[in-house]
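S.K.: First the structure, then my questions, so here it is.
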Amino acid sequence: MGKSSHNDGRLFVISGPSGAGKGTICKKLLESVDISISTSMTTRAPRPGEIDGKDYYFVTVDEFEEKIANGGMLEYARVFDNIYGTPKDMVIKQLERGRDVILEIDVQGGLQIKKKMPEQAVLVFVLPPDLTTLRQRIIDRGTETEEVIDKRFNEAINEIKLIGEYDYYVVNDELDDAVYDLKAIIMAERRRVPNKIMPIVREYEKEI
Numbered sequence: 001m002g003k004s005s006h007n008d009g010r011l012f013v014i015s016g017p018s019g020a021g022k023g024t025i026c027k028k029l030l031e032s033v034d035i036s037i038s039t040s041m042t043t044r045a046p047r048p049g050e051i052d053g054k055d056y057y058f059v060t061v062d063e064f065e066e067k068i069a070n071g072g073m074l075e076y077a078r079v080f081d082n083i084y085g086t087p088k089d090m091v092i093k094q095l096e097r098g099r100d101v102i103l104e105i106d107v108q109g110g111l112q113i114k115k116k117m118p119e120q121a122v123l124v125f126v127l128p129p130d131l132t133t134l135r136q137r138i139i140d141r142g143t144e145t146e147e148v149i150d151k152r153f154n155e156a157i158n159e160i161k162l163i164g165e166y167d168y169y170v171v172n173d174e175l176d177d178a179v180y181d182l183k184a185i186i187m188a189e190r191r192r193v194p195n196k197i198m199p200i201v202r203e204y205e206k207e208i
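And the structure:
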């Protein structure tokens, strides 16, 4: 799974602690960048306004465990009391067609992808401007108890310590600035010489 051809797409793994705003950045990015975004699977209950098949594939624990047993997950992780993961088939098919794909996943999943697909994965860590802002964003969701807020906040600190495993970072203070930075990373990676050089060379050879 770690090998790729020159024509394969790139896998942009967007991670960060809960409340960093990675989902908001990715949705805004799609307005200006032609890129596919993978839909993750989870055993948690939908939040208000979330749509099955669009925001997540919402499944039972048994359904998720069966998917794991059948080798159908690209990565997965147990986060608090739920399981999150990326169904394999849809992502691989997109990459093989030369489409770049965004995976918005947690840090555990991001590190799994880095190990499995080192040639295709580009890891981007989304940071909050500061920890006070991060905690307030978690509180502002209005969906968590005080105990869960504390748990998520402590986990966020542990995740931030792993930023050295990532290729790039984006600070989500002003949304438009964060989207601009992520877009710049994607555009730069698309022009990285080893990725696309052979098709380009062949086009020039035709003109000689």
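Each residue of the sequence shown is one higher than the last, beginning at 1 in full-length UniProt numbering. Idealized CB from N, CA, C, for every residue including glycine. Bear in mind the structure is a predicted one, so any value in this text is a computation, not a measurement.
Cα separation between residue 2 and residue 93?
M.R.: In this prediction, residue 2 scores a pLDDT of 47, lower than 50, which makes its location untrustworthy; no coordinate-derived value is stated.
S.K.: For residue 49 and residue 122, I'd like the C-alpha separation in whole angstroms.
M.R.: Looking at the two C-alpha atoms, the distance is approximately 30 Å.
S.K.: Could you tell me which whole beta strand (DSSP E) segments of length 3 or greater appear in the segment 58 to 137?
M.R.: List check, beta strand (DSSP E) in window: 73 to 79, 82 to 87, 101 to 104 and 121 to 127.
S.K.: Work out the CA separation of residue 22 and residue 234 for me, nearest whole Å.
M.R.: Because the chain is modelled from 1 through 208, residue 234 falls outside the range shown and cannot be assessed.
S.K.: Are the segment 26 to 40 and the segment 178 to 188 touching, with three or more C-beta to C-beta distances below 8 Å?
M.R.: Touching, yes.
S.K.: At the level of alpha carbons, what is the spacing between residue 97 and residue 18?
M.R.: The straight-line gap from Cα to Cα measures roughly 32 Å.
S.K.: Here's a check: name, in chain order, each residue in its chain whose Cβ is nearer than 8 Å to the Cβ of residue 221, leaving out the five neighbours to either side.
M.R.: No information on residue 221 is available, as it lies outside the stretch 1 to 208 that the chain covers here.
S.K.: Excluding the 5 residues preceding and the 5 following residue 120 in the sequence, name in chain order all residues of the same chain whose CB lies nearer than 7 Å to its CB.
M.R.: Here the set comprises 4, 8, 10, 11 and 95.
S.K.: Which residue or residues does DSSP assign as beta-bridge partners of residue 37?
M.R.: 102.
S.K.: Use the C-beta contact count for residue 130: other C-beta atoms within 10 angstroms, 16 or more gives buried, fewer gives exposed.
M.R.: Under this definition residue 130 is an exposed residue.
S.K.: When DSSP builds the beta bridges, which residues end up paired with residue 42?
M.R.: Paired residues: 58 and 84.
S.K.: Quick check on DSSP: helix, strand or coil for residue 2?
M.R.: Low per-residue confidence applies at residue 2: pLDDT is 47, beneath 50, and the placement is therefore not dependable, though the value from the model is reported in the following sentence. Residue 2: coil per DSSP, three-state reduction.
S.K.: Which term fits residue 191, buried or exposed, when burial requires 16 or more other beta carbons within 10 angstroms of its beta carbon?
M.R.: Flag for residue 191 reads exposed.
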